[in-house]
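K.L.:
Residue numbers (UniProt numbering): 1 to 305.
Have a look at this one:
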């Protein structure tokens, strides 16, 4: 990025969209790992605008709701994402760069909802081991973090798809999936039927990360008026990022992960970003939190030389 606007970091300590608790502690550990200090040392103006969390009376959801629905913690997910969408929209209105720190990947629902108010053709680069294109009908688990991209396409429960009213928030042709390696059958069918651009780990193995990223950049920059990066740390191999709840072997290596964001920085197309699914309870000496800080710094222009 040639010029980086003021970074407004928004913490979303929320993990009820996931199957395992702990990602709610991710934002705090990322900040404690020196994120803002490091960005400021790079000459970037960076601020922490606060937290988006459940109100106190919703802090302990009823177990009955979980056991009798394939949309687990629906009310809580809707509440947090409604609040997040408003905050993201406010940050964009200020002319700042929204940097959302999760939390589980269900928070992408609110992020994209807030962004969609300001872009006609919002592009989304989704770096993730999963595509998160399930619905209540196709999800094996009922965990909403596996449905967030489908919701943004206007598919799913109305309480989710109608956050900030506009739907769909994004178009299938404006999405690029990168690093996919764990796709459910319903997701595979949807990717094919909608023609979503998807670079699996097979594509990365065969073509190389540089080729894949250049193809993705060329594809998405030609048709969008803004690009959101949604980066799930489970896109990396568990040896690199052990602190996440849905690890899948055979993921990105350290340099592949950095090259992806370095090339995005060089292209200068990213207008917002979120980094999700850091789970300190599963981590090894905060290895994954520090990795997230490094990736964010690279996205915002940090270079080796």
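The beta-carbon is built from N, C-alpha and C at its ideal position, and this holds for glycine as well.
With contact counted as at least three CB pairs below 8 Å, one residue from each stretch, are the segment 144 to 153 and the segment 70 to 77 in contact?
P.N.:
Judged by Cβ distances under 8 Å, the segment 144 to 153 makes contact with the segment 70 to 77, as three or more pairs qualify.
K.L.:
Three-state secondary structure (DSSP) at residue 64?
P.N.:
Position 64 of the chain shown, counted from the start, is the residue given in the question as residue 64. With a pLDDT of 43 at residue 64, under the threshold of 50, the modelled position of this residue cannot be trusted, and the question is left open.
K.L.:
Go ahead and pull the three-state DSSP assignment for residue 228.
P.N.:
Walking along the chain shown from the start, residue 228 turns up at place 228. Strand at residue 228.
K.L.:
Which same chain residues, not among the five before or five after residue 97, have their C-beta less than 6 Å away from its C-beta?
P.N.:
Counted from its first residue, the chain shown places residue 97 at position 97. Here the set comprises 5, 7.
K.L.:
Does residue 27 pass the burial test, meaning 16 or more other C-beta atoms within 10 Å, or should it be called exposed?
P.N.:
For the purposes of this step, residue 27 is taken as residue 27 along the chain shown, with counting starting at 1. Its Cβ being crowded by 16 or more others within 10 Å, residue 27 is buried.
K.L.:
In the DSSP assignment, what residue or residues form a beta bridge with residue 9?
P.N.:
Against the chain shown, residue 9 aligns to sequence position 9. According to DSSP, which records beta bridges pairwise, residue 9 is partnered with 48, 99.
K.L.:
Alpha carbon to alpha carbon, how far is residue 140 from residue 45?
P.N.:
Along the chain shown, one-based indexing puts residue 140 at 140. Along the chain shown, one-based indexing puts residue 45 at 45. Roughly 43 Å between the two C-alpha positions.
K.L.:
Is the segment 183 to 196 in contact with the segment 238 to 249, if contact means three or more CB pairs nearer than 8 Å?
P.N.:
Flag = no, the segment 183 to 196 and the segment 238 to 249 do not touch.
K.L.:
Assuming the contact rule is C-beta atoms closer than 8 Å, residue 180 and residue 106 should be a hit. Round their C-beta distance to whole Å, please.
P.N.:
If you number the chain shown from 1, residue 180 lands on position 180. If you number the chain shown from 1, residue 106 lands on position 106. The pair is not a contact, with the Cβ atoms about 18 Å apart (cut-off 8 Å).
K.L.:
Three-state secondary structure (DSSP) at residue 244?
P.N.:
Locating residue 244 in the chain shown gives position 244, counting from the first residue. Residue 244 falls in the coil class under three-state DSSP.
K.L.:
Between the segment 100 to 115 and the segment 161 to 177, are three or more C-beta pairs nearer than 8 Å?
P.N.:
Contact holds: three or more Cβ-Cβ distances are below 8 Å.
K.L.:
Are the beta-carbon atoms belonging to residue 289 and residue 29 less than 8 Å from one another?
P.N.:
Looking up residue 289 in the chain shown gives position 289. Looking up residue 29 in the chain shown gives position 29. Going by C-beta atoms, residue 289 is nearer than 8 Å to residue 29.
K.L.:
Are residue 87 and residue 52 closer than 8 Å when you measure CB to CB?
P.N.:
For the purposes of this step, residue 87 is taken as residue 87 along the chain shown, with counting starting at 1. For the purposes of this step, residue 52 is taken as residue 52 along the chain shown, with counting starting at 1. For residue 87 and residue 52, yes; Cβs fall inside 8 Å.
K.L.:
Extract the residue ranges of the alpha helix (DSSP H) inside the segment 86 to 145, only unbroken runs of 4 or more that lie entirely within it.
P.N.:
DSSP runs (the alpha helix (DSSP H)) wholly in the segment 86 to 145: 108 to 116.
K.L.:
Quick one: Cα of residue 33 to Cα of residue 174, how far?
P.N.:
Here residue 33 corresponds to residue number 33 of the chain shown, with the count starting at 1. Here residue 174 corresponds to residue number 174 of the chain shown, with the count starting at 1. Going by the C-alpha atoms only, they are around 33 Å apart.
K.L.:
Which of the three DSSP states, helix, strand or coil, is assigned to residue 195?
P.N.:
Residue numbering aside, residue 195 sits at position 195 when the chain shown is read from its first letter. Residue 195: coil per DSSP, three-state reduction.
K.L.:
May I ask you to list the residues that DSSP assigns as paired with residue 272?
P.N.:
Position 272 of the chain shown, counted from the first residue, corresponds to residue 272. DSSP output for residue 272 lists 228 as bridge partner(s).
K.L.:
Which first and last residues belong to the alpha helix (DSSP H) in which residue 299 is found?
P.N.:
Sequence index remark: in the chain shown, residue 299 carries index 299 (1-based). Counting along the chain, the alpha helix (DSSP H) containing residue 299 begins and ends at 287 to 299.
K.L.:
As a quick exercise: from 20, 259, 128, 94, pick the residue whose alpha carbon is nearest that of residue 231.
P.N.:
Sequence index remark: in the chain shown, residue 231 carries index 231 (1-based). Selected option, being the one with the closest Cα: 128.
K.L.:
Compute the distance between the beta-carbons of residue 48 and residue 89, then report whether it is under 8 Å.
P.N.:
As a working note, residue 48 is residue 48 in the chain shown. As a working note, residue 89 is residue 89 in the chain shown. Going by C-beta atoms, residue 48 is not nearer than 8 Å to residue 89.
K.L.:
Do you know how far the Cα of residue 124 is from the Cα of residue 165?
P.N.:
As a working note, residue 165 is residue 165 in the chain shown. As a working note, residue 124 is residue 124 in the chain shown. Their Cα atoms are separated by approximately 19 Å.
K.L.:
Could you tell me the alpha carbon to alpha carbon distance between residue 19 and residue 43, rounded to whole angstroms?
P.N.:
Mapped onto the chain shown, residue 19 falls at position 19. Mapped onto the chain shown, residue 43 falls at position 43. Each residue's Cα considered, the two are about 39 Å apart.
K.L.:
Does the distance from the CB of residue 16 to the CB of residue 77 come in under 8 Å?
P.N.:
Looking up residue 16 in the chain shown gives position 16. Looking up residue 77 in the chain shown gives position 77. Contact flag set, yes.
K.L.:
Just verifying my parser: in three-state terms, what is the DSSP assignment at residue 3?
P.N.:
For the purposes of this step, residue 3 is taken as residue 3 along the chain shown, with counting starting at 1. Residue 3 falls in the coil class under three-state DSSP.
K.L.:
Let's test the definition: count the other Cβ atoms within 10 Å of the Cβ of residue 13 and tell me whether it reaches 16, buried, or not, exposed.
P.N.:
Here residue 13 refers to the residue found at position 13 of the chain shown. By the 10 Å Cβ count, residue 13 comes out buried.
K.L.:
Name the one or two DSSP bridge partners that residue 175 has.
P.N.:
Numbered from 1 along the chain shown, position 175 holds the residue referred to as residue 175. Paired residues: 124.
K.L.:
Kindly identify the DSSP beta-bridge partner or partners of residue 149.
P.N.:
What you label residue 149 is simply residue 149 of the chain shown in a count that begins at 1. Answer is none; residue 149 lacks a bridge partner.
K.L.:
What residue range does the alpha helix (DSSP H) around residue 214 cover?
P.N.:
Indexing the chain shown from 1 puts residue 214 at position 214. That run of the alpha helix (DSSP H) goes 209 to 221.
K.L.:
Cα separation between residue 305 and residue 278?
P.N.:
On the chain shown, residue 305 is found 305 positions in, with the first residue counted as 1. On the chain shown, residue 278 is found 278 positions in, with the first residue counted as 1. In a straight line, the C-alpha of residue 305 is about 28 Å away from that of residue 278.
K.L.:
I need the straight-line Cα distance from residue 265 to residue 206, nearest angstrom please.
P.N.:
Reading the chain shown from its first residue, position 265 is the one you call residue 265. Reading the chain shown from its first residue, position 206 is the one you call residue 206. Spanning the two alpha carbons is a distance of roughly 24 Å.
K.L.:
In terms of DSSP beta bridges, what is residue 180 paired with?
P.N.:
As a first step, residue 180 must be located in the chain shown, where it is residue number 180. Its beta-bridge partners are 200.
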